[in-house]
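Everything on this sheet refers to the single structure shown next.
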Amino acid sequence: MARLRFGVLGTLEVLVDGRPVQVPAGRRRAVLTCLLVHAGSAVTTDTLVEAAWGGEPPADPRAALQTVVSRLRALLGPEAVETVAVGYRLPVPPAEVDALLLEDLLTRARTADPGTALPLLERARRLWRGPPFGELGSSAPVLAAAARLEGMRHESAELHAAALLDLGDPAPAVPLLQELLAEEPYREHAVALLVRALYRLGRQAEALDLLERHRRRMADELGLDPSPELVDLQTRVLGHELEDGGQAGAPPERPPVVWLEGAAPLVGREDDLARLVGAVLEGPVTTLTGPGGVGKTRLAAEAVRVLPERSHLPVAVVELAGTDPGGVATAVAGALRLGRRTDDPAEDVVDVLTTMPHLLVVDDAEHLLAEVADLVGRVARRCRGTRVLVTSRRRLDLPTESVLPLAPLDTPSPGEKAPVDTSAAVRLFTDRVRRLRPAFGVDPTNGTAVAELCRRLDGLPLALELAASRTATAGLDEVLALLPADEASAPGGTADGLGLDRTVDWSYRLLEEEQRRLLARLSVFAGEFPPEAVRALTAYLDPGSDPGAALAELVETSLVASRVEGRGARLRLLGVVREYAAARLRGAGPDHEAAAHRAHAAWVAGECEQVADAWATEDGAVLRDRVEALVPDATAALRRTARPLGRDLGREDLVLALRLVAAVGRCLHWVPGPTLGGAMLEVAELGVTHLSPGDLSDDELAAAGGVGAGAMIAVEHGELDRARRLALAGRDLAGGADEPLACLVLGVEAMYRGDATASTHWFGRMGRTPELTGESHVSRALMALYADDLAAAREHVAVATAAAGAGSDAGRAFTLYAEGEVLARSDPAAATVRLREAAAEAGRIGAGQVSKVARLALLARLVRDGQTQEARSLGGALLRDLHRTGSWAQIWTMLRVLAELLADEGSSADAAFLLGAAERDPSAPPLMGEDVARHAELRQRLAEEVGPAVLQQVQAVAATTPRTQVVRRAMRLLP
Numbered sequence: 008m009a010r011l012r013f014g015v016l017g018t019l020e021v022l023v024d025g026r027p028v029q030v031p032a033g034r035r036r037a038v039l040t041c042l043l044v045h046a047g048s049a050v051t052t053d054t055l056v057e058a059a060w061g062g063e064p065p066a067d068p069r070a071a072l073q074t075v076v077s078r079l080r081a082l083l084g085p086e087a088v089e090t091v092a093v094g095y096r097l098p099v100p101p102a103e104v105d106a107l108l109l110e111d112l113l114t115r116a117r118t119a120d121p122g123t124a125l126p127l128l129e130r131a132r133r134l135w136r137g138p139p140f141g142e143l144g145s146s147a148p149v150l151a152a153a154a155r156l157e158g159m160r161h162e163s164a165e166l167h168a169a170a171l172l173d174l175g176d177p178a179p180a181v182p183l184l185q186e187l188l189a190e191e192p193y194r195e196h197a198v199a200l201l202v203r204a205l206y207r208l209g210r211q212a213e214a215l216d217l218l219e220r221h222r223r224r225m226a227d228e229l230g231l232d233p234s235p236e237l238v239d240l241q242t243r244v245l246g247h248e249l250e251d252g253g254q255a256g257a258p259p260e261r262p263p264v265v266w267l268e269g270a271a272p273l274v275g276r277e278d279d280l281a282r283l284v285g286a287v288l289e290g291p292v293t294t295l296t297g298p299g300g301v302g303k304t305r306l307a308a309e310a311v312r313v314l315p316e317r318s319h320l321p322v323a324v325v326e327l328a329g330t331d332p333g334g335v336a337t338a339v340a341g342a343l344r345l346g347r348r349t350d351d352p353a354e355d356v357v358d359v360l361t362t363m364p365h366l367l368v369v370d371d372a373e374h375l376l377a378e379v380a381d382l383v384g385r386v387a388r389r390c391r392g393t394r395v396l397v398t399s400r401r402r403l404d405l406p407t408e409s410v411l412p413l414a415p416l417d418t419p420s421p422g423e424k425a426p427v428d429t430s431a432a433v434r435l436f437t438d439r440v441r442r443l444r445p446a447f448g449v450d451p452t453n454g455t456a457v458a459e460l461c462r463r464l465d466g467l468p469l470a471l472e473l474a475a476s477r478t479a480t481a482g483l484d485e486v487l488a489l490l491p492a493d494e495a496s497a498p499g500g501t502a503d504g505l506g507l508d509r510t511v512d513w514s515y516r517l518l519e520e521e522q523r524r525l526l527a528r529l530s531v532f533a534g535e536f537p538p539e540a541v542r543a544l545t546a547y548l549d550p551g552s553d554p555g556a557a558l559a560e561l562v563e564t565s566l567v568a569s570r571v572e573g574r575g576a577r578l579r580l581l582g583v584v585r586e587y588a589a590a591r592l593r594g595a596g597p598d599h600e601a602a603a604h605r606a607h608a609a610w611v612a613g614e615c616e617q618v619a620d621a622w623a624t625e626d627g628a629v630l631r632d633r634v635e636a637l638v639p640d641a642t643a644a645l646r647r648t649a650r651p652l653g654r655d656l657g658r659e660d661l662v663l664a665l666r667l668v669a670a671v672g673r674c675l676h677w678v679p680g681p682t683l684g685g686a687m688l689e690v691a692e693l694g695v696t697h698l699s700p701g702d703l704s705d706d707e708l709a710a711a712g713g714v715g716a717g718a719m720i721a722v723e724h725g726e727l728d729r730a731r732r733l734a735l736a737g738r739d740l741a742g743g744a745d746e747p748l749a750c751l752v753l754g755v756e757a758m759y760r761g762d763a764t765a766s767t768h769w770f771g772r773m774g775r776t777p778e779l780t781g782e783s784h785v786s787r788a789l790m791a792l793y794a795d796d797l798a799a800a801r802e803h804v805a806v807a808t809a810a811a812g813a814g815s816d817a818g819r820a821f822t823l824y825a826e827g828e829v830l831a832r833s834d835p836a837a838a839t840v841r842l843r844e845a846a847a848e849a850g851r852i853g854a855g856q857v858s859k860v861a862r863l864a865l866l867a868r869l870v871r872d873g874q875t876q877e878a879r880s881l882g883g884a885l886l887r888d889l890h891r892t893g894s895w896a897q898i899w900t901m902l903r904v905l906a907e908l909l910a911d912e913g914s915s916a917d918a919a920f921l922l923g924a925a926e927r928d929p930s931a932p933p934l935m936g937e938d939v940a941r942h943a944e945l946r947q948r949l950a951e952e953v954g955p956a957v958l959q960q961v962q963a964v965a966a967t968t969p970r971t972q973v974v975r976r977a978m979r980l981l982p
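Counting in our numbering, the sequence shown runs from 8 upward without gaps.
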């Protein structure tokens, strides 16, 4: 057969064995062009007739088309066009059609690092000789194909420029992007790349001029504002805040997206990965479907490594395994790190994703399919720019959904003559065996056995990994003997093999009794866990026993996954293994299951108490990481207490859960997400309804702090009545003593209500606990400041500063913030310095509340000092953060400050709108201290500038505008 090569990225080019061949104009060229549009695929007779004769087909279309095809074969070779059932096909390898080669290069470049992508994209650029299909682009199918190829050319140019920028070589990116923008002037990502390239070349003025010309073009021609990306970019160019770029050949560091860290390399899924990445980039919802154990989560995790760079979106991963019915929206809100913003977490998610698009990954959706479909459907309809990737055994059945079925890995066919080790299943099996037994290989002596094993396991990756672990220790023949072919017809198997459920069961049955018991118990862990947790669990259930050997065997057989972290290890159960192990635990009886859950809760509570005890002595960033690593297990333990299945809530379990909640609450200034926070609040309420004053022994009094910690969650949500009720109940459970968390909540609650006297009283009582001396004085300093008692405020700050040396890093950041607030009354420049320090330290250690109030105070200081550009840059980021976490008290305070800025800039109507919205919303905190007079003066200024009637009308409109719309309006006024 002659070697054929076709070029359509320009005028039609045909090579037969390297020799150019001219295809005459007319029907032969039309039919060939149509076949090339669908190269490699069958094209129906009707489609080809339409391409050759248009709307005037001959009397006998099939015979006439056969004549044209015969002449085409005479020109190109007898096997050039293949006859198929529905019509004809051009059986040409993708590498021999430049359009298919372009698509392949682009697909590979999308998922490659910049150094690998660059030569691929340079090769893709060299393929172009002119407009696709040249003068042949007249029919609708050809025009559509040409448009698609042009889109690929434009994307290729952007990827090419981005790779050059990543490799520290911006100069050649400039002409690439200028050429692209000459054709596509509204392509905003290309504008952003060109701005970055010019900036890195020291051509800041040109970058700013480009942004300004683009803004005018968008406004004049489309009536649109530039994208938020470009608005933010302009601010960073003006502030000289863009990165300088890496050195040539060294791409700049980017924070990695950590999901399934430490997983073994992906084998046999290269094409699936490329298709998945492309699908996510192209559509709003992509669902990766397939049976359990086929590798959906693993493939999605690999895609998440490259998608942020390609999509330019932040990533949020939601693992739904273990999520209760009704909890999907809350789980997604937690992954997005949202605070409780309204009573409907689904609307909170939609609202934030509308303002701040993300790449949202939802894993294990099948057991909550209707809930997931409802939420994802809302996101797809309303959150333009957001991309959603779902893994599920079943599709969501949404109109905007792109479904990618993931099949098992291909296995060698019986009697196949090709080398066995070319199949993906064999490659994966071999790779996993070699990780435990490096000398293992597939050769003529074992190839048939390996192929048979892979066929019996249906090519399912998880089943292959389990079998590989057993092969490494027992040998291939032993494993085959344990996988008799007649089990293929057993329940859980398939017509051709065992299936995953049977494979996990097979692995389980090969374990010794102690190993089986341990695997069932490990199902209580919700996330990763250290080996020490396994020892603690075992010590609680079987004092004196050592689980080391049993755990090692479970790791060795891949039933427990392990990765190295620092000097230790992190363990986890894959989802399908956890489900199986949990079923075995349930099968052991309710008493055994309850005991395992209690042992797990005791371990989590103990770990959280250790973190809380170290809160004042160890580095805040390390402690933050420790407590965040415990969140999945803390949440699971509290849920089991709040929603016991098939049994009454036991007193021992409730006290244990309250201890856990109290320990989390003692990690002051670390704010739990909505999922953990909701569980803490549920357990606190159970403490109030199931326990009475005097019920707790002296050894159990720490549990009273759990009710106080639940009250802290309520006050964070703005539920002041609920917070006060819980805090007072917590004091009663503590025997009327000054339980510190309850006192803290009562102080904050009174402050939010505007009762400075009561607030100061409760903050003072909190200080009777020695380790909270600094916190108490910081809070009282702020209250004194609001009362314009500067002398008292200074005294309290002095005491707090002295106590900070023995306090937590979060407490020191809080003290810096209070010191900045006090300094603002006498030394604004020093105050600005101190507030910057507070914000930086709070950000470093993840003290979310301190970070918010410190940045808010810094924003006010910048506005009042006339540093408007920096204020705008800080304000945009701060408002997005406050909106994400639902911090409405701080949002209204910020909008008041923003109104000051807008009034100073002459935007009186916008200022009046924001001020009116803040004044009318019931969740806005009352004005205190100097702010009372300041804002009375501001209102007077606005009335003089716009007129009292206009001011009244603007504020009336603001009062009836939903608060989320108020925030969006404010975001448009800021970078």
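Each residue gets a CB set at the ideal place from its N, CA and C atoms; glycine is no exception.
As DSSP reads the structure, leucine 11 sits in a beta bridge with Val23. With contact defined as three or more Cβ pairs closer than 8 Å, the segment 606-625 and the segment 538-555 are in contact.
With distances taken between CA atoms, arginine 574 lies nearest to Pro538 out of Leu460, Pro538, Thr455 and Leu205.
When secondary structure is reduced to three states using DSSP, glutamate 616 falls in the helix class.
Annotation for tyrosine 193: no alpha helix (DSSP H) segment contains it, and DSSP assigns it neither H nor E.
Excluding the 5 residues flanking it on each side, aspartate 351 has same chain C-beta neighbours closer than 8 Å at Ala336, in chain order. For arginine 434, the secondary structure class from DSSP, reduced to helix, strand or coil, is helix. Beta-bridge annotation (DSSP): leucine 366 is paired with Val322 and Arg394.
Counted as a single uninterrupted DSSP element, the stretch harbouring alanine 87 is not any alpha helix (DSSP H), since DSSP gives it neither H nor E. Residue Glu326 holds the alpha-carbon nearest to the alpha-carbon of arginine 305 among His319, Gly285 and Glu326. In this model, alanine 387 and arginine 394 are separated by some 8 Å (Cα to Cα).
Residue state for leucine 592 is assigned as helix, using DSSP reduced to three classes.
For valine 99, no alpha helix (DSSP H) encloses it, and the DSSP letter there is neither H nor E. By the neighbour-count criterion, in which 16 or more other beta carbons inside 10 Å mark a residue as buried, proline 126 falls on the exposed side. Rounded to whole angstroms, the separation of the alpha carbons of glycine 302 and proline 272 is 12 Å. Linking leucine 16 to alanine 588 through their CA atoms gives a straight-line distance of about 56 Å. In the structure shown, alanine 811 adopts helical secondary structure according to DSSP, grouped into three states. Proximity of the segment 902-912 to the segment 942-956 meets the contact definition, three or more beta-carbon pairs being nearer than 8 Å. In this structure, alanine 718 sits away from alanine 709, with a CB-CB distance that is not shorter than 8 Å.
In this structure, the alpha-carbon of valine 383 lies about 10 Å from that of alanine 377. Where alanine 576 is concerned, the enclosing beta strand (DSSP E) starts and stops at 575-579. Across the structure, arginine 401 and valine 369 are spaced so that their CA atoms are roughly 13 Å apart. When DSSP states are grouped into helix, strand and coil, arginine 658 belongs to the helix group. For proline 468, the number of other beta carbons within 10 angstroms of its own is at least 16, and it is reported as buried. With three or more CB-CB distances shorter than 8 Å, the segment 358-369 counts as touching the segment 310-323.
If the five residues before and after leucine 645 are omitted, its C-beta is found closer than 6 Å to the C-beta atoms of Ala664, Ala686 and Val690, all from its own chain and listed in chain order. Going by DSSP, threonine 296 is part of the beta strand (DSSP E) stretching over 292-296. Around alanine 799, the same chain offers Ala791 as residues with beta carbons nearer than 7 Å, after the five sequence neighbours per side are excluded.
For phenylalanine 536, the pairing in a beta bridge is given by DSSP as Leu578.
Here threonine 398 is near leucine 295, since their CB atoms are less than 8 Å apart. The beta-bridge partner set that DSSP reports for proline 426 is empty. Rounded to whole angstroms, the separation of the alpha carbons of leucine 150 and alanine 37 is 13 Å. For valine 571, the enclosing beta strand (DSSP E) begins and ends at 568-572. Between the C-alpha atoms of arginine 391 and alanine 628 there is a straight-line separation of about 35 Å.
For the 8 Å CB-CB criterion, proline 681 and alanine 340 form a contact. In the pairwise beta carbon analysis, the segment 507-526 is classified as touching the segment 456-475: at least three pairs are separated by under 8 Å.
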